[in-house]
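Last residue of the sequence shown: number 801 in this note's numbering, and the count goes up by one each step with no gaps.
Ideal placement from N, C-alpha and C gives every residue a C-beta, glycine not left out.
Nothing here was measured: the structure is a model prediction, and the numbers come from that model.
First comes the structure, then the notes that go with it.
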Amino acid sequence: MPLSFCENYLPDIHPDWGRSKTRAPNLSGSEQMMTGLVREVVCSVFFLSQSELTSKNRGKAHIAFARQVAMYLANISLGLTFTEIGTDFGRDRTTVAHACQLIEDKREDPDFDWSLDLMERSLLLLIATQEAKGLRDA
Numbered sequence: 664m665p666l667s668f669c670e671n672y673l674p675d676i677h678p679d680w681g682r683s684k685t686r687a688p689n690l691s692g693s694e695q696m697m698t699g700l701v702r703e704v705v706c707s708v709f710f711l712s713q714s715e716l717t718s719k720n721r722g723k724a725h726i727a728f729a730r731q732v733a734m735y736l737a738n739i740s741l742g743l744t745f746t747e748i749g750t751d752f753g754r755d756r757t758t759v760a761h762a763c764q765l766i767e768d769k770r771e772d773p774d775f776d777w778s779l780d781l782m783e784r785s786l787l788l789l790i791a792t793q794e795a796k797g798l799r800d801a
């Protein structure tokens, strides 16, 4: 997805996208857009605001857990490295590795696995929609 798409259209979709200074400088525009979609999906599922999810402190357990899910989805669904995810979330790569291992272990619970699978599918559908819109507008 071209960077121009992200710069020109994402602020129209969501005012924080494409303008946030908290995004990792080493992520491409399309990767930043996709991590924004991960955050959006996770915030919707866990009923959190973006600021709660990206807070620098550990916060409450349910917020930390939602952040771990977001890190896991960024790794599994987007293929980002632990270092890239850590930079994007303001965390160390070892924190991301721990989060991914924790969520992977929790997938043994069929109910949680089903919920996570729905989040992954929703995320992939949103990404495909954004890519299709980018192709249509190009």
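Under 7 angstroms Cβ to Cβ from A729, same chain only, skipping five residues before and after it: list those, please.
The answer, listed in chain order, is V705, F709, L711, L716.
Three or more C-beta pairs below 8 angstroms linking the region 767-774 and the region 744-754
Contact fails: fewer than three Cβ-Cβ distances are below 8 angstroms.
Does the distance from the CB of L743 to the CB of E694 come in under 8 angstroms?
A Cβ-Cβ contact shorter than 8 angstroms links L743 with E694.
Between which two residues does the alpha helix (DSSP H) containing R702 stretch?
Element bounds for R702: 692-709.
Is the distance from the Cβ of A760 to the Cβ of Q731 below 8 angstroms?
With respect to Q731, A760 sits apart: the two C-beta atoms are not nearer than 8 angstroms.
Along the alpha helix (DSSP H) that carries N738, what are the first and last residues, could you check?
That run of the alpha helix (DSSP H) goes 724-739.
Look at the Cβ atom of R784, then the Cβ atom of A733, and state whether they are nearer than 8 angstroms.
No, they are not a contact pair.
With DSSP collapsed to three states, give me the class of L743.
Of the three classes helix, strand and coil, the one that applies to L743 here is coil, per DSSP.
Classification of T698 by the beta-carbon crowding that lies within 10 angstroms, buried from 16 upward:
Under this definition T698 is a buried residue.
Just to confirm, is the Cβ distance from S740 to L779 under 8 angstroms?
It is not a contact, given that the beta carbons lie outside the stated cut-off.
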